[in-house]
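**Q** This structure is in structure tokens; I'll ask about it shortly.
Structure representation (structure tokens):
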């Protein structure tokens, strides 16, 4: 019997993608052939997974070129079902033009009502459940499935190669990763809070690895001035590729990070992650927490509307309670 051909579409950031990828675990691989449509440069993240996935990358910043690429892919694969977890109007238009029999997605913006023929209204901004569960509900609705109630997460195999530890004179389970930067709009610790935390850990004789990309620079200037040349600190901003980052995270005692892709990657590889999260509803860990076997989330409790920033300034984390 021929497999049902399915497109799963998610065209945004690392954390969003990682919260979505496990939905394909709901489908029987003997019955479904899934192709992921993902944002440019995120294929390396998909390749980290223990589950092999087929994908194609599109670039939202070049819609005409990407629309042509998607049109060609549709003509080659001829999918029976396409589920858009997040995608711009031109993606939905190409699905519509190709008359893909089942075009599912989140009913929200005008093009979802015009070009999709099934889906769900979801008030995701209310953050009543995890992002994965919103995505799972869409798959269950589309295929008329019942919830298997299993805990699904994007699983990354622990790397065997630990060359990066030798390069920076690190011992397994004897260092802490601190990743202060983030790309989203969620509230984060201030640099002063990160500096205070790092000083506390240095006083406990811990080795600290600080990671980041060029885009994280606004979150790192004060921290860099304080610690760049400290003997207990390894300054690893812009020093690691994706696989090296996974090596570093997997062998750490734990990682501290805000709501960002690094937190999700650490959780996926099974490392202990202490996530720093905003109490603002749309940013809440109820929706955006990392998923994995060793996740601890820190978020201000009992915060009144309007007091979120002040509550973040008071947020302390106890990493001794693992």
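In the numbering used here, the protein residues as written are 858 to 1179. Idealized CB from N, CA, C, for every residue including glycine.
1. Taking the CB atoms as reference points, tell me whether residue 998 and residue 973 lie closer together than 7 Å.
2. Just the C-alpha distance for residue 1159 and residue 1116, rounded to the nearest angstrom, thanks.
3. Bridge partners of residue 915, per DSSP?
4. Nearest by alpha-carbon distance to residue 924: which of 905, 955, 904 and 899 is it?
5. Could you give the first and the last residue of the continuous alpha helix (DSSP H) run that contains residue 947?
6. What residues in its chain sit with their C-beta under 7 Å from that of residue 869, if we drop five residues either side in the sequence?
7. Assuming residue 910 and residue 881 form a contact by the criterion Cβ under 8 Å, report the distance between their Cβ atoms to the nearest whole angstrom.
8. Considering only their Cβ atoms, is the gap separating residue 1109 from residue 1126 smaller than 7 Å?
9. Helix, strand or coil, according to DSSP, for residue 943 in the structure here?
10. If we count Cβ pairs, one from each stretch, closer than 8 Å, do we get three or more for the stretch 1045–1065 versus the stretch 1083–1092?
11. Any idea what DSSP makes of residue 862, helix, strand or coil?
12. What residue range is occupied by the uninterrupted beta strand (DSSP E) comprising residue 1130?
13. Give the secondary structure of residue 1078 by DSSP, where H, G and I count as helix, E and B as strand, and everything else as coil.
14. Alpha carbon to alpha carbon, how far is residue 992 from residue 1088?
15. Looking only at C-alpha atoms, which of 957, 906 and 899 sits nearest to residue 863?
16. Confirm, please, whether the CB-CB distance from residue 912 to residue 900 is below 7 Å.
17. Rounded to whole angstroms, what's the CA-CA distance from residue 1112 to residue 1008? Just pull it up for me.
18. Can you tell me which residues form a DSSP beta bridge with residue 977?
19. For residue 1011, which three-state DSSP category applies?
20. Helix, strand or coil for residue 871 per DSSP?
21. Hey, would you say residue 1067 sits closer than 7 Å to residue 1035, going by beta carbons?
22. Please classify residue 1177 as buried or exposed, where buried requires at least 16 other C-beta atoms within 10 Å of its C-beta.
23. Within 7 Å (strictly less), CB to CB, does residue 948 reach chain C?
24. Considering only the beta carbon of each residue, do residue 1154 and residue 1132 sit closer than 7 Å?
25. With distance defined between alpha-carbon atoms, name the residue in 1120, 1062, 866 and 984 nearest to residue 1090.
**A** According to the structure shown:
1. Here residue 998 is taken as the residue at index 141 of the chain shown, counted from 1. Here residue 973 is taken as the residue at index 116 of the chain shown, counted from 1. Cβ distance not < 7 Å, so residue 998 and residue 973 don't count as in contact.
2. Counted from its first residue, the chain shown places residue 1159 at position 302. Counted from its first residue, the chain shown places residue 1116 at position 259. About 20 Å.
3. For the purposes of this step, residue 915 is taken as the residue at position 58 of the chain shown. DSSP, once it has assigned bridges, lists 896 as partnering residue 915.
4. Numbered from 1 along the chain shown, position 67 holds the residue referred to as residue 924. Among 905, 955, 904 and 899, the Cα nearest to that of residue 924 belongs to 955.
5. The sequence position of residue 947 within the chain shown is 90, counting from 1. Its alpha helix (DSSP H) spans residues 946–954.
6. Sequence index remark: in the chain shown, residue 869 carries index 12 (1-based). Counting only Cβ-Cβ distances below 7 Å, and skipping sequence neighbours, we find 896 and 943.
7. To locate residue 910, count along the chain shown from 1; it is residue 53. To locate residue 881, count along the chain shown from 1; it is residue 24. Distance from residue 910 to residue 881 at the Cβ level is roughly 7 Å; contact confirmed, criterion being Cβ atoms closer than 8 Å.
8. Within the chain shown, residue 1126 is the residue found at index 269, counting from 1. Within the chain shown, residue 1109 is the residue found at index 252, counting from 1. No, the Cβ-Cβ distance between residue 1126 and residue 1109 is not below 7 Å.
9. To locate residue 943, count along the chain shown from 1; it is residue 86. The three-state secondary structure of residue 943, taken from DSSP, is strand.
10. The stretch 1045–1065, when compared against the stretch 1083–1092, does touch it at the 8 Å Cβ threshold.
11. Start at 1 with the first residue of the chain shown, and residue 862 comes out as number 5. Residue 862 sits in a strand when the DSSP states are folded into three classes.
12. Numbered from 1 along the chain shown, position 273 holds the residue referred to as residue 1130. Boundaries of the beta strand (DSSP E) around residue 1130: 1130–1133.
13. Here residue 1078 refers to the residue found at position 221 when the chain shown is read from its first residue. In the three-state DSSP reduction, residue 1078 falls in the helix class (H, G or I).
14. Residue 992 sits at position 135 when you count from the first residue of the chain shown. Residue 1088 sits at position 231 when you count from the first residue of the chain shown. Residue 992 and residue 1088 have their C-alpha atoms roughly 45 Å apart.
15. The residue you call residue 863 lines up with position 6 of the chain shown. Measuring C-alpha to C-alpha distances from residue 863 to each of 957, 906 and 899 identifies 957 as the nearest.
16. By 1-based counting over the chain shown, the position of residue 900 is 43. By 1-based counting over the chain shown, the position of residue 912 is 55. Yes. Within cutoff.
17. Here the question's residue 1112 lines up with position 255 in the chain shown. Here the question's residue 1008 lines up with position 151 in the chain shown. As the crow flies, the alpha-carbon of residue 1112 is around 22 Å from that of residue 1008.
18. As a position in the chain shown, residue 977 is number 120, starting the count at 1. Residue 977 is bridged to 963.
19. Here the question's residue 1011 lines up with position 154 in the chain shown. The three-state reading of DSSP puts residue 1011 in coil, since its state is none of H, G, I, E or B.
20. Residue numbering aside, residue 871 sits at position 14 when the chain shown is read from its first letter. Here residue 871 sits in helix by DSSP.
21. Walking along the chain shown from the start, residue 1067 turns up at place 210. Walking along the chain shown from the start, residue 1035 turns up at place 178. Against a cut-off of 7 Å, the Cβ pair of residue 1035 and residue 1067 comes out as a contact.
22. Position 320 of the chain shown holds residue 1177. Counting Cβ neighbours within 10 Å, residue 1177 comes out exposed, since fewer than 16 surround it.
23. The structure shown contains no chain C; it is built from a single protein chain.
24. Counting from one through the chain shown, the residue named residue 1154 turns up at place 297. Counting from one through the chain shown, the residue named residue 1132 turns up at place 275. It is a contact, given that the beta carbons lie within the stated cut-off.
25. Within the chain shown, the letter at position 233 stands for residue 1090. Comparing Cα-Cα distances from residue 1090 to each of 1120, 1062, 866 and 984, the minimum goes to 1062.
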